[in-house]
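Notes follow once the structure below has been shown.
Residue numbers (my numbering): 40 to 344.
And the structure:
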């Protein structure tokens, strides 16, 4: 059958980068790099809390550190395991433990619920397959995401409400499809910006904007409805069409875009999670032991817009 899940494990990891602790460290660094990237429209960054009243850069950093050990556990669970229902159940249980640790650390704020799902799947797939190729890792993560989570609490989440109202597939649909906004949008935009000589900061901002320009972001839909989503998509496209981050016109358009999202209390959190996934897979593909610092300036160097 064409959609059958592989039931045997690929060759054992062949590169020291795929050590379970190192995978978790890269996931942690990707989350921190996403949070620190500045200036991001509507999101927590070095300037402040964006459209969030319950988050800050410090909280995002502490949340990332709190969930990192659970990425190690996911990677360890997948070593010498089959890509089957048993692994799906183990990873889901660890993910719920990670979410509980996040909520304890943040005092109840949802800093990284979506990121636990996204990066948890990618860490698991990387350790399980031993591949350094983003497309292969994302495909394997998608196969795991397609398996049902029978122990999932029967609660109506924000994502469930948005899927019901707007038909958006959300993070679950993105994962089941093999993370197309990471493999086909985020990573190509990141590579292209670097090849054009942009700084790492502006390359990552370009990648984020490319994701925002096309993603049916359920975080945006929940806060701003379809009108808010179109505002995000249109604004991201305008910045890129104006030359993108790093040129005078693009930077001015980015400032206007940021003000518009702040005024409407819109935060593209789904896009942020996929940027973190992009940075994680980029480091894996490039055989990096650390996610590069992006040289974003310190918060006092930026105004609020």
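Using N, Cα and C, we set each Cβ at its ideal position, and we do this for glycine too.
- The C-beta of residue 254 has 16 or more other C-beta atoms within 10 Å across all chains shown, which makes the residue buried.
- By the C-beta density criterion, residue 273 is exposed, having fewer than 16 other C-beta atoms within 10 angstroms.
- With contacts defined as CB atoms closer than 8 angstroms, residue 90 and residue 301 qualify as a contacting pair.
- Boundaries of the alpha helix (DSSP H) harbouring residue 140: 124–145, taken from the DSSP string.
- Between residue 163 and residue 117, the beta carbon gap of about 5 angstroms places them in contact (Cβ cut-off 8 angstroms).
- Counting other Cβ atoms within 10 Å of its Cβ, residue 287 stays below 16 and is therefore classed as exposed.
- Only exposed fits residue 119, as fewer than 16 other CB atoms lie within 10 angstroms of its CB.
- DSSP places residue 84 within a strand segment (E or B) once states are collapsed to three.
- In this structure, the alpha-carbon of residue 85 lies about 20 angstroms from that of residue 66.
- Approximately 14 angstroms separates the beta-carbon atoms of residue 62 and residue 103; this is outside 8 angstroms, ruling out the contact.
- Within its own chain, the residues whose Cβ lies closer than 7 angstroms to the Cβ of residue 225, once the five positions on either side in sequence are excluded, are 246, 249, 250, 313, 314 and 317, listed in chain order.
- When only Cα atoms are considered, residue 157 and residue 217 end up about 11 angstroms apart.
- Judged by pairs of C-beta atoms under 8 angstroms, the region 259–270 does not touch the region 318–337, as fewer than three such pairs exist.
- With a 10 Å radius around the Cβ and a threshold of 16 neighbouring Cβ atoms, residue 214 comes out buried.
- With respect to the 8 angstroms criterion, residue 73 and residue 311 are classified as neighbours on the basis of their beta carbons.
- Counting along the chain, no alpha helix (DSSP H) covers residue 307, and no H or E run does either.
- By the C-beta criterion, the region 105–114 is judged to be in contact with the region 134–149, since at least 3 inter-stretch pairs fall below 8 angstroms.
- Cβ-Cβ separation between residue 94 and residue 150: approximately 6 angstroms, consistent with a contact (criterion under 8 angstroms).
- If you draw a straight line from the Cα of residue 281 to the Cα of residue 115, it is about 45 angstroms long.
- Counting only runs of 4 or more residues that sit fully inside the region 268–336, the alpha helix (DSSP H) segments are 287–302 and 308–324, in chain order.
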